[in-house]
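If you read the protein sequences in the order shown, they are chains A and B.
233 is the number that this note's numbering gives to position 233 of the first sequence; each next residue is one higher, with no gaps.
Counting the second sequence from 1 gives a position; this note's numbering is that position plus 265.
Ideal Cβ positions, reconstructed from N, Cα and C, are used throughout, including at glycine.
For reference, the structure discussed in these notes is given below.
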Amino acid sequence: MAGNNNSRTMRINLKVWRQQNEKVQGNLVDYTLDSVSPDMSFLEMFDVLNEQLVKKGEEPVAFAHDCREGICGSCAMVIDGEPHGPQTGTTTCQLHMRSFSDGDTIVVEPFRAKAFPVVKDLVTNRTALDRIQAAGGYVTVSTGNAPDGNAIPISKEIADLAMDAAACIQCGACVAACRNGSAMLFVSAKVSQLALLPQGQAERDRRVSRMVWQMDEEDFGSCTNMGSCAAACPKEIKVENIARINREYAHAMLFGRVSERVSDE
Amino acid sequence: MSQGILKYMSSSIGRKYIMAVSGLVWVLFVLTHMIGNLLIFAGKDAYNVYSHKLITNPLIYLAEAALVIFIGAHAFTGISLKLRNNRTKPTLYAVTPKSAKGASLSSKSMIWSGTITLVFLILHLVTFKYGQYYAYSKDGADVVLDGIKVRDIHQLVIECFEKPGYVAWYGICLVLVGLHLYHGVASSFQTLGLNHPKFNNAIKMFGWAYAIVVALGFLAVPLYVFIF
Chain A
1 MAGNNNSRTM RINLKVWRQQ NEKVQGNLVD YTLDSVSPDM SFLEMFDVLN EQLVKKGEEP
61 VAFAHDCREG ICGSCAMVID GEPHGPQTGT TTCQLHMRSF SDGDTIVVEP FRAKAFPVVK
121 DLVTNRTALD RIQAAGGYVT VSTGNAPDGN AIPISKEIAD LAMDAAACIQ CGACVAACRN
181 GSAMLFVSAK VSQLALLPQG QAERDRRVSR MVWQMDEEDF GSCTNMGSCA AACPKEIKVE
241 NIARINREYA HAMLFGRVSE RVSDE
Chain B
266 MSQGILKYMS SSIGRKYIMA VSGLVWVLFV LTHMIGNLLI FAGKDAYNVY SHKLITNPLI
326 YLAEAALVIF IGAHAFTGIS LKLRNNRTKP TLYAVTPKSA KGASLSSKSM IWSGTITLVF
386 LILHLVTFKY GQYYAYSKDG ADVVLDGIKV RDIHQLVIEC FEKPGYVAWY GICLVLVGLH
446 LYHGVASSFQ TLGLNHPKFN NAIKMFGWAY AIVVALGFLA VPLYVFIF
């Protein structure tokens with residue numbers, strides 16, 4: 001029974017952002033779910049809500065999701081003002097309803113940033129991040145067959161740092177959390193994962209330069225070192241990476257010979 | 266063609282370098298200014314002579330020009346970044362996060378603490394540097410040092426800090442300066458690429474201590490004058 005602490009299910013009040021498309025104004029709409037299992041993931045709760053809406057002949061809530069196991073970076077919602085919700089180091093799909101209490105009212109909004117226009121309801125267009133990656137977030141070499149293990153010596157500590165940076169799933173929670181709509185945590189992770197490794201050295205100057213220039217061309221703000229990004233990151237990427245990109249960028253400024261685009265080379 | 270320094274410095278990270286370097290110049294200045302102010306506790310003579318030696322040193326024009334250029338760059342860049350950041354984040358959320366996912370008051374209010382500090386700085390110059398001139402006289406004769414009459418800046422300071430309204434305004438501004446320094450000092454280390462688990466706590470503590478020491482050092486003077 002709803003409101004009864006001994007019951008296995010919870011009554012959850014939702015305020016969900018509904019917006020038909022990029023051009024029209026959206027608003028928060030109230031929904032109530034009477035029997036939410038604490039073992040449901042946050043997205044499964046939305047599946048239940050959508051089933052109800054479809055049965056009633058209403059349009060289901062659009063939300064992005066794919067792997068539902070915390071590794072793809074598709075799911076993106078702001079839950080009670082926090083990207084991916086109140087639990088740290090967790091994507092929305094890995095957030096479970098046991099993190100909430102019976103009778104809670106939960107406000108769900110899309111990631112908000114000028115660079116992430118709302119496509120519909122909770123779905124935003126995050127392709128600006130892809131364009132930054134395409135500007136330099138790679139290593140341009142023919143890799144051939146898998147190299148012999150330890151052919152290039154890399155210390156355990158550095159390998160771990162690079163791996164931590166590479167854990168970024170490009171979900172955009174850092175941009176969503178930032179009061180400036182800055183993508184610096186994302187870009188810094190993508191720069192760091194290669195800057196830390198020998199294979200990334202050959203293109204270090206052009207990589208950081210072109211990725212930062214592309215970031216500025218998109219509608220991202222600048223970093224003011226508030227740290228909300230790292231607190232919101234489901235992969236717990238650290239702001240240490242932002243200090244690293246600041247160093248990399250200074251190196252490129254002082255020593256690099258970087259043309260603006262690949263086509264200019 | 267490879268891109269020059271200008272392309273780099275006009276980017277978002279380049280402008281952050283400008284913020285950090287120009288900020289640090291002023292961080293050092295406020296500390297020396299604060300220490301100079303504390304000479305008031307060493308007596309009227311020490312205070313006026315220090316002030317006299319400072320403003321009659323020809324290098325002062327170079328220092329003043331540098332300070333004007335750096336604060337101009339700091340204010341201009343800070344405002345331009347803030348204007349862009351307002352555009353890139355047009356809407357905040359319906360709910361304010363309760364946890365660590367929120368930002369500190371100091372970091373969120375830099376534009377306001379900075380703007381009020383700039384207004385304070387201009388008025389401060391009008392009040393003191395370009396304020397009422399009193400000649401410093403001892404035993405009925407004007408004090409002359411190196412052939413130039415010494416200004417009794419001590420007298421003006423005492424007069425200003427005897428007014429409760431002025432002390433209140435000065436106090437509020439200095440608290441805001443402290444708030445600005447709290448985020449600014451530690452943040453400039455991060456912007457200049459200095460971030461390492463070994464030093465991060467020390468950097469944070471340093472920023473905190475710097476803000477408190479500078480603000481309290483400045484506040485000591487009006488409190489002393491006003492109370493005693």
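Item	Value
Beta-carbon contacts of residue 310/B that lie in its chain and below 7 Å, excluding the five residues immediately before and after	none
The segment 164–182 of chain A / the segment 232–244 of chain A touching (three or more Cβ pairs under 8 Å)	yes
Listed by chain order, chain A residues near residue 353/B by CB distance under 8 Å	113, 114, 115, 180, 181, 182, 219, 220 and 221
Within 8 Å, strictly: CB atoms of residue 114/A and residue 19/A	no
Span of the alpha helix (DSSP H) around residue 30/A	Not the alpha helix (DSSP H): residue 30/A falls in the beta strand (DSSP E), residues 27–36.
Best match in 468/B, 467/B and 449/B for proximity to residue 292/B [C-alpha to C-alpha]	449/B
Identity of the residues DSSP links to residue 423/B by a beta bridge	Answer is none; residue 423/B lacks a bridge partner.
Candidates 336/B, 308/B and 300/B: closest to residue 283/B by CA position	336/B
Span separating the alpha-carbon of residue 354/B from that of residue 178/A	8 Å
Paired residues, beta bridge with residue 109/A - DSSP	78/A
C-alpha distance - residue 195/A paired with residue 465/B, whole-angstrom precision	21 Å
One or two residues paired with residue 400/B in a DSSP bridge	416/B
Inter-residue CB distance, residue 313/B and residue 419/B (contact presumed, cutoff 8 Å)	5 Å
Within 8 Å, strictly: CB atoms of residue 77/A and residue 100/A	no
Where residue 193/A falls, given that 16 or more other Cβ within 10 Å makes a residue buried	buried
Cβ pair count under 8 Å reaching 3, the segment 331–346 of chain B against the segment 425–438 of chain B	no
Chain B contact for residue 67/A (CB, 8 Å cutoff)	no
Neighbour list for residue 368/B in chain A, Cβ cutoff strictly below 8 Å	179, 226, 227 and 228
Beta-carbon contacts of residue 407/B that lie in its chain and below 6 Å, excluding the five residues immediately before and after	400 and 414
Stretch pair the segment 380–387 of chain B + the segment 266–279 of chain B: three plus CB contacts closer than 8 Å	no
Backbone secondary structure at residue 154/A - three-state DSSP	coil
Residues sharing a beta bridge with residue 17/A, DSSP	28/A
Contact under 8 Å by Cβ, residue 268/B with residue 260/A	yes
Backbone CA spacing between residue 247/A and residue 205/A [nearest angstrom]	11 Å
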